[in-house]
Structure formats: C-alpha cells, structure tokens
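Trainee: Residue numbers (the numbering used here): 64 to 436.
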Amino acid sequence: MEPSTSAPAVTSSKQFLRKHMLKLAPYTPIEPFEVLSTRYGRKPEDIIKLDANENPYGPPPEVRQALGTMSFPHIYPDPETRALRQALAKMHNIPVEHLLVGCGADELIDLLMRCVLEPGDKIVDSPPTFTMYCFDADVNDARVVTVPRLEGFKIDVEGIKKAVAEHQPKVVFLTSPNNPDGSMIAEADLLAILALPVLVVLDEAYIEFSSEASRLDWVARYNNLVVLRTFSKSAALAGLRVGYGSFPLEMIEYMWRAKQPYNVSVAAEVAACAALTNMEYLNTVRDALVQERERLFALLKEVPFLEPYPSHANFILAKVTGGRDAKAVKDALASQHGIMVRHYAKKELSGYIRVSVGKPEHTDKLMAALKQL
Ligand SMILES: Cc1ncc(COP(=O)(O)O)c(C=O)c1O
C-alpha cells in the first residue's frame, strides 16, 4: 500500500512529552578528554583537568587487576550489590540493611526524588551548591524553594525553618563539604534542620577530605535522615559510577522496589570492592590531596586577582577580583595552557572559578600559567 498523503495523525512528537519536560533547560554536555584534546590541539595526557573534582591519582592497582580478571562480565550484575554492601557495612560499622548502591550518588538523588516527590511537591535547595538537586527536581516535576547561603556560604538555618513553615517542603538538601566552596555544615545547624518535619538528605561526596566524621551512622537514629557517599572522589572511580547511601529502613524498602534492577554494573561493583581492599592506598592519596589543597590555597592567595576560600574538600573556590573577568581567566587557562578549571554561568557565581586539587606538578603548572595571564 502507498503511504498516505493525507495530513499526519501526529504533527509533532513533542505532544507526547510530559508538560513539565518542555520547560527543562537544554542539556549542557560535560566534555570528555578526547573533545578537549581536539579543541585545544593537545594530547589528552597534556590536558590538566581541574574542573570536575576528579582524583588524578586514579584508583589502587587492585582495581585494574580485578577489572582485568572479572569472572562474569557476561552475566547480569547482582541487583542487591551484596558483596559491596557487605564490605561497606563492615567498613563503616553500620547495618547492611540501611545501604543502597547506585550508579553514582547522582542516581540515588534521582531515585530518592522519584520515590518521595509527587508532582508539585517541594524541596529546599541552598545555593550555591551541587546543581543536581535542582536538576532532578525539575526532571521530577517538583518545585524548588531556594534558601541562599549566608556570608561565607553558611547554611541559613533560620531561612530554612521559615521556608519549611511556609512551603511545607518534603526534602531539604544539605551538602557537607559543600560544592563549590568546600565549607562544612555546623553540627548545631544540622541538628536544628533534623528537628524539622522534613526528610534531610546530607550529601557527603567529599567527606573523606575533611577532618570530620561521616554521619552515615546517624541514619539508624534519625528516621528523617539520608546520607549519600560516592566512590568518585576519594576512591577515584568517577568513570565507573558507584555511589551509595544510608537510608531509613521504612524508606529503603520502597527504594529497592523502584530502582533499576541492574543499576550497578559488574565492573562497577568489582572495582569498588577492589578499591576497598587497599585502604592504605586510598588514605595515602587522600592525605596527598589534602596536603596539596593547603599548598594550593596558600599559592592562590598570593595571586593578586584571586581570593580563595578555605576548603574541606578536593577543590578550592576563588573569587576573581581586580577587574578581571572570571570566564576570561577560565578560557585563557584552557586555550593557552590546556588547564581546565570550572566557571559558572549562574549569576551569583559568575565572578568565581573553582579549581580541583591535582598533583603537585598540576599546581605548579597552574601557578605558572596564572602568572602569565
Ligand atoms: C556534592 C556532590 N554530590 C554528588 C556528586 C555526584 O557523585 P557521583 O559521581 O557519585 O554521582 C557530586 C559530583 O561532583 C557532588 O559534587
């Protein structure tokens, strides 16, 4: 039969999309080494990537070895990531029943929102902070109540209390150390927010780089607390995508029901388990990054057009001063020196750059480049 020439039954495939999807901001791709390499005409190994808080040391040698000798890549992974959850429970001394592993902490943020938010429900976001909370809220058709941070990026506890009373949000997102500035939440502030009738998500993606203990074990005591962790930063497995969280027991049961059964690949679980077998390596790398952070901070302070903020994570936020444009600084570092740092389009952060802590030689090259700008 000839294809019909009459008017199509459907004029635009857009009509099938959920209404709130049409309002989503366009996707901004993260640029991998290969793309950066072509753009800046440098070999991938000559690019210094200080823009995504990755760990330049890479994982312990046990990870490559375990990946190379994986027994069952042809078999679906364990939907319950039993081996990894057992190892994590033992390491953190918490009951395994509280733990859920995801394809990065990112997946767990989205999974949690899918489980708890009805369309139109609200979350509290305290910018500047990790942008995925807002991104996932938008994808899940939730509303964002914004309570900006105070001077020095401190959480505005009174503002959050007021927002909770006024808007009845379901979830408050807190990040400690906070991305992008590296500040910690004070214990009194956390306790005050936990006393509110909301689910508190404490994102500890960078906790290993701070001198404070994780609050993973608080989850057994507070039935409104979720704590998120990741293998992307301190364990250097960003490319393999492994994050985990500790969830209240009544809640986790439903997260299990909603999660994709094979969300953590065989390679990801094998790699994460192997990383945990060499804590000595992980601790040495963490110590090296913490030491380098302090050196980088002191050096950035000497740059006449930068004002760095003290950080408890593996990155440093710096205000660009002296009439310089932060985006121009970022662009010049990239195009003239192959050094990637993070700049933000958002108005409140447009005058800042964020620099991930690298190896000492990365700091040296960055400092030499900054002197030439
Ligand atoms: C605060 C924070 N939480 C979570 C993540 C995401 O972690 P993952 O790589 O495990 O998805 C990041 C990544 O940059 C982050 O900065």
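We treat Cβ as the ideally placed atom computed from N, Cα and C, and that holds for glycine.
Sort out for me which residues DSSP pairs Lys112 with in a bridge.
Mentor: Residue numbering aside, residue 112 sits at position 49 when the sequence shown is read from its first letter. The partner list for Lys112 (beta bridge, DSSP) reads Met403.
Trainee: Helix, strand or coil for Val210 per DSSP?
Mentor: Taking the sequence shown and counting its residues from 1, the one referred to as residue 210 is at position 147. Val210: coil per DSSP, three-state reduction.
Trainee: For ligand 1, is there any heavy atom lying closer than 7 Å to the beta carbon of Phe272?
Mentor: Working through the sequence shown from its first residue, we reach residue 272 at position 209. Using a cutoff of 7 Å, the CB of Phe272 does not count as near ligand 1, since none of the ligand's heavy atoms is closer than that.
Trainee: Quick check for students: name the residue ranges of the alpha helix (DSSP H) that lie wholly in the segment 310-372, counting only runs of 4 or more.
Mentor: 312-321, 329-339 and 342-364
Trainee: Give me every residue whose Cβ sits closer than 5 Å to any heavy atom of ligand 1, in chain order.
Mentor: Gly167, Ala168, Asp169, Phe193, Thr238, Asn242, Asp266, Ala268, Thr293, Ser295 and Gly306
Trainee: Can you name, in chain order, every residue of its own chain whose Cβ lies under 6 Å from the Cβ of Leu237, other than the five neighbours on each side?
Mentor: Residue 237 sits at position 174 when you count from the first residue of the sequence shown. Closer than 6 Å at Cβ, skipping near neighbours: Ile248 and Leu265.
Trainee: Taking 8 Å as the threshold (C-beta atoms), are Pro240 and Ser189 in contact?
Mentor: On the sequence shown, position 126 is the one that residue 189 refers to. On the sequence shown, position 177 is the one that residue 240 refers to. Contact flag unset, no.
Trainee: Would you grab the beta carbon distance between Glu332 and Ser297 for me? Rounded to a whole angstrom, and I think it's under 8 Å.
Mentor: For the purposes of this step, residue 332 is identified with residue 269 of the sequence shown, where counting begins at 1. For the purposes of this step, residue 297 is identified with residue 234 of the sequence shown, where counting begins at 1. Going by Cβ atoms, the distance from Glu332 to Ser297 rounds to 18 Å, so no, they are not a contact pair.
Trainee: Check whether the Cβ atoms of Arg148 and Val126 lie closer than 8 Å to each other.
Mentor: On the sequence shown, residue 148 is found 85 positions in, with the first residue counted as 1. On the sequence shown, residue 126 is found 63 positions in, with the first residue counted as 1. No. Outside cutoff.
Trainee: Check Tyr90 in the structure and name its three-state DSSP category.
Mentor: Mapped onto the sequence shown, residue 90 falls at position 27. Coil, per DSSP.
Trainee: In whole angstroms, give me the CA-to-CA distance for Ala351 and Leu85.
Mentor: Position 288 of the sequence shown holds residue 351. Position 22 of the sequence shown holds residue 85. Those two C-alpha atoms are separated by around 45 Å.
Trainee: Which parts of the segment 119-184 are runs of the beta strand (DSSP E), unbroken and 3 residues or longer, counting only runs that do not cross its ends?
Mentor: 162-165
Trainee: Closer than 8 Å is the cut-off here; do at least three beta carbon pairs connect the segment 336-349 with the segment 293-313?
Mentor: yes
Trainee: Helix, strand or coil, according to DSSP, for Ile270 in the structure here?
Mentor: Taking the sequence shown and counting its residues from 1, the one referred to as residue 270 is at position 207. Note: Ile270 maps to helix in three-state DSSP.
Trainee: When the Cα atoms are used, what is the spatial distance from Lys112 to Ala228?
Mentor: As a position in the sequence shown, residue 112 is number 49, starting the count at 1. As a position in the sequence shown, residue 228 is number 165, starting the count at 1. Cα-Cα distance, rounded: 43 Å.
Trainee: I'd like to check one pair, Val207 with Ile507: are the Cβ atoms closer than 8 Å?
Mentor: In the structure as shown, the chain begins at 64 and stops at 436. Residue 507 is therefore absent and cannot be evaluated.
Trainee: Output needed for Thr144: all residues of its chain with C-beta closer than 6 Å, excluding positions within five of it in sequence on either side, in chain order.
Mentor: In the sequence shown, the residue the question calls residue 144 occupies position 81. Same-chain partners within the cutoff: Val164, Val327 and Glu332.
Trainee: Check the C-beta distance from Met318 over to Leu174 and give it rounded, since I have them as a contact under 8 Å.
Mentor: Along the sequence shown, one-based indexing puts residue 318 at 255. Along the sequence shown, one-based indexing puts residue 174 at 111. Separation of the CB atoms of Met318 and Leu174 is rounded to 6 Å, and the pair is thereby assigned contact status at 8 Å.
Trainee: What three-state label does DSSP hand Leu279 in the structure shown?
Mentor: The residue labelled residue 279 in the question sits at position 216 within the sequence shown. Residue state, collapsed to three classes: helix.
Trainee: Fully enclosed by the segment 380-424, which beta strand (DSSP E) runs are 3 residues long or longer?
Mentor: Counting only runs of 3 or more, we get 402-406 and 415-419.
Trainee: Between which two residues does the beta strand (DSSP E) harbouring Leu288 extend?
Mentor: Reading the sequence shown from its first residue, position 225 is the one you call residue 288. Note, Leu288: beta strand (DSSP E), Leu288 to Thr293.
Trainee: Can you tell me where the beta strand (DSSP E) with Leu237 in it begins and where it stops?
Mentor: Locating residue 237 in the sequence shown gives position 174, where the first residue counts as 1. Residues Val234 to Thr238.
Trainee: Put Leu22 into one of helix, strand or coil per three-state DSSP.
Mentor: Look at the range of the chain in this structure, 64 to 436, and you will see that residue 22 is not part of it.
Trainee: For the alpha helix (DSSP H) holding Ser374, just list the boundary residues, first then last.
Mentor: Along the sequence shown, one-based indexing puts residue 374 at 311. Ser374: not part of any alpha helix (DSSP H); DSSP gives it neither H nor E.
Trainee: For Val179, collect the residues of the same chain with a Cβ closer than 7 Å to its Cβ; drop the 5 residues on either side in sequence, then sort them by chain order.
Mentor: Along the sequence shown, one-based indexing puts residue 179 at 116. Lys233, Val234 and Leu262, listed in sequence order.
Trainee: Flag this pair as touching only if the segment 211-220 and the segment 100-116 have three or more C-beta atom pairs under 8 Å; answer yes or no.
Mentor: The answer is no - the segment 100-116 does not touch the segment 211-220, with fewer than three Cβ pairs under 8 Å.
Trainee: Classify Asn286 as buried or exposed, calling it buried when 16 or more other Cβ atoms lie within 10 Å of its own Cβ.
Mentor: Within the sequence shown, the letter at position 223 stands for residue 286. With fewer than 16 other Cβ atoms within 10 Å, it is exposed.
Trainee: Does Tyr307 come out as helix, strand or coil in the three-state DSSP assignment?
Mentor: On the sequence shown, residue 307 is found 244 positions in, with the first residue counted as 1. It is a strand residue.
Trainee: Looking at the secondary structure, which residues open and close the alpha helix (DSSP H) in which Lys106 lies?
Mentor: Numbered from its first residue, the sequence shown carries residue 106 at position 43. From DSSP, Lys106 is part of no alpha helix (DSSP H); its letter is neither H nor E.
Trainee: Throw me the rounded Cβ distance for the Arg304 and Cys166 pair, which I believe falls under 8 Å.
Mentor: Position 241 of the sequence shown, counting from 1, holds the residue named residue 304. Position 103 of the sequence shown, counting from 1, holds the residue named residue 166. Rounded, the Cβ-Cβ distance is 5 Å, consistent with contact.
Trainee: Considering only the beta carbon of each residue, do Ala115 and Gly245 sit closer than 8 Å?
Mentor: Here residue 115 corresponds to residue number 52 of the sequence shown, with the count starting at 1. Here residue 245 corresponds to residue number 182 of the sequence shown, with the count starting at 1. Their beta carbons are not under 8 Å apart, which means Ala115 does not touch Gly245 by this criterion.
Trainee: To which residues of the same chain is Leu312 closer than 7 Å at the C-beta, ignoring the five residues directly before and after it?
Mentor: Counting from one through the sequence shown, the residue named residue 312 turns up at place 249. Excluding residues within five positions, the ones whose Cβ falls inside 7 Å are Glu160 and His161.
Trainee: If I'm right that Ala301 touches Glu117 with Cβ under 8 Å, what's the distance once you round it to whole angstroms?
Mentor: As a first step, residue 301 must be located in the sequence shown, where it is residue number 238. As a first step, residue 117 must be located in the sequence shown, where it is residue number 54. The beta-carbon distance between Ala301 and Glu117, rounded to whole angstroms, is 5 Å. This is short enough to meet the 8 Å contact definition.
Trainee: Between the Cα of Asp498 and those of Arg356, Ser413, Phe310 and Tyr407, spot the shortest distance and give me the residue it belongs to.
Mentor: Nothing can be reported for residue 498, as the shown portion of the chain is limited to 64 through 436.
Trainee: Give me, in chain order, the residues of the same chain whose beta-carbon lies closer than 8 Å to that of Arg177; leave out the 5 immediate sequence neighbours on both sides.
Mentor: Start at 1 with the first residue of the sequence shown, and residue 177 comes out as number 114. Answer for Arg177: Asn203 and Ala321, listed in chain order.
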